Amino acid sequence: GQNIDQPTEMTATEGAIVQINCTYQTSGFNGLFWYQQHAGEAPTFLSYNVLDGLEEKGRFSSFLSRSKGYSYLLLKELQMKDSASYLCATHSGGYQKVTFGTGTKLQVIP
Amino acid sequence: ETGVTQTPRHLVMGMTNKKSLKCEQHLGHNAMYWYKQSAKKPLELMFVYSLEERVENNSVPSRFSPECPNSSHLFLHLHTLQPEDSALYLCASSQDLAGGGRTSTDTQYFGPGTRLTVL
Numbered sequence: 005g006q007n008i009d010q011p012t013e014m015t016a017t018e019g020a021i022v023q024i025n026c027t028y029q030t031s032g033f034n035g036l037f038w039y040q041q042h043a044g045e046a047p048t049f050l051s052y053n054v055l056d057g058l059e060e061k062g063r064f065s066s067f068l069s070r071s072k073g074y075s076y077l078l079l080k081e082l083q084m085k086d087s088a089s090y091l092c093a094t095h096s097g098g099y100q101k102v103t104f105g106t107g108t109k110l111q112v113i114p
Numbered sequence: 185e186t187g188v189t190q191t192p193r194h195l196v197m198g199m200t201n202k203k204s205l206k207c208e209q210h211l212g213h214n215a216m217y218w219y220k221q222s223a224k225k226p227l228e229l230m231f232v233y234s235l236e237e238r239v240e241n242n243s244v245p246s247r248f249s250p251e252c253p254n255s256s257h258l259f260l261h262l263h264t265l266q267p268e269d270s271a272l273y274l275c276a277s278s279q280d281l282a283g284g285g286r287t288s289t290d291t292q293y294f295g296p297g298t299r300l301t302v303l
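These protein sequences, in sequence, are chains A and B.
Each residue of the first sequence is one higher than the one before, counting from 5 in the numbering used here.
Each residue of the second sequence is one higher than the one before, counting from 185 in the numbering used here.
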């Protein structure tokens, strides 16, 4: 089965750092996606982790621990435009089987 | 046009109407998907097509009928819907269905969605 947990909402201050956690229990796990979704818009790809460890991409970094079923998305130097929902999604199975979490709504305040 | 496009962007229909949602991808991808996104619920995968063949149908009611005439186009035909079917319907595409690969082939690119309201 598939089970993904992430916080529903978070608030952080402009210029700060925020970490959004995601835990999962996924059979046939291949890797983990993070997507960003602004209100009323489509999800856009941020990262995909297959191996354990931290992958950095500009202000955004994503971490994966396969043994712990745990990932986080780290956002540095927060900007107001980072206010959005962040979706954690696991990739499993022999073909493209992607299961999404409910998303974490991040609000960046001045 | 680039990326994944969807039409219409907004749709209001009665329970007895028949309508269709259209998705087109301009990325040269081989796989296409329909998702349903309801408020406070995770994205729900509805259908997956690879090279115009359906490879996944996640127990979706028959009032939703997908069609994939070619690898660039995907339709979702709707008939006798219920008010609880009101949601954002998102189309996505990926390069292929190769599992366990890296980002370049497995990443799904989403269209802007169709906001559907069933009265």
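Just so it is clear, CB atoms sit at the ideal spot from N, CA and C, and this is done for glycine as well.
Values in this document were obtained by computation on a predicted structure and should not be read as measured data.
Simplified DSSP state of residue i, which is helix, strand or coil
i                 : result
Pro-250 (chain B) : strand
Glu-81 (chain A)  : coil
Asp-9 (chain A)   : strand
Gly-285 (chain B) : With a pLDDT of only 48 at Gly-285 (chain B), under 50, the local geometry of the prediction cannot be trusted, and the value read off the model is given with reservation. Looking at Gly-285 (chain B) - three-state DSSP - the assignment turns out to be coil, as it is neither helix nor strand.
7 angstroms Cβ cut-off: residues of chain B touching residue i
i                : result
Ala-46 (chain A) : Leu-274, Phe-294, Gly-295, Pro-296, Gly-297
Residues that DSSP places opposite residue i in a beta bridge
i                 : result
Ala-271 (chain B) : B:Leu-300
Met-14 (chain A)  : A:Leu-110
Gly-44 (chain A)  : DSSP, once it has assigned bridges, lists no residue as partnering Gly-44 (chain A).
Ile-21 (chain A)  : Per DSSP, none; premise fails for Ile-21 (chain A).
Gly-105 (chain A) : Gly-105 (chain A) is not bridged to any residue.
Cross-chain neighbours of residue i in chain A, by beta carbon under 9 angstroms
i                 : result
Pro-226 (chain B) : Ile-8, Leu-91, Ala-93, Thr-103, Phe-104, Gly-105, Thr-106, Gly-107
Leu-229 (chain B) : Lys-101, Val-102, Thr-103, Phe-104
Listed by chain order, chain B residues near residue i by CB distance under 9 angstroms
i                : result
Phe-49 (chain A) : Thr-287, Thr-291, Gln-292, Tyr-293, Phe-294
Tyr-28 (chain A) : Within chain B, no residue comes near Tyr-28 (chain A); the closest Cβ sits about 12 angstroms away, beyond 9 angstroms.
Per-residue contacts from residue i into chain A (C-beta, under 7 angstroms)
i                 : result
Leu-211 (chain B) : Within 7 angstroms Cβ-Cβ: nothing; Leu-211 (chain B) doesn't reach chain A, min ~12 angstroms.
* Asked: Touching or not, the stretch 186-195 of chain B and the stretch 7-26 of chain A, by the rule of three or more beta carbon pairs under 8 angstroms?
  -> At 8 angstroms Cβ cutoff, the stretches do not touch.
* Would you check if the stretch 253-273 of chain B and the stretch 202-214 of chain B touch, i.e. whether three or more CB-CB distances between them fall below 8 angstroms? => Yes, since at least three Cβ pairs between the stretch 202-214 of chain B and the stretch 253-273 of chain B fall closer than 8 angstroms, the two stretches touch.
* Any contact of the stretch 56-71 of chain A with the stretch 106-114 of chain A, i.e. 3+ C-beta pairs under 8 angstroms? -> When C-beta atoms of the stretch 56-71 of chain A are compared with those of the stretch 106-114 of chain A, fewer than three pairs fall below 8 angstroms, so the two segments do not count as touching.
* Please go through the stretch 186-218 of chain B and give each complete beta strand (DSSP E) segment of 3 or more residues, from N-terminal end onward. => Those beta strand (DSSP E) runs which fall completely within the stretch 186-218 of chain B and span 3+ residues are 188-191, 194-197, 202-209.
* Meets three-Cβ-pair contact criterion under 8 angstroms: the stretch 87-98 of chain A and the stretch 213-224 of chain B -> With a cut-off of 8 angstroms, the stretch 213-224 of chain B and the stretch 87-98 of chain A do not count as touching, because too few Cβ pairs lie within range.
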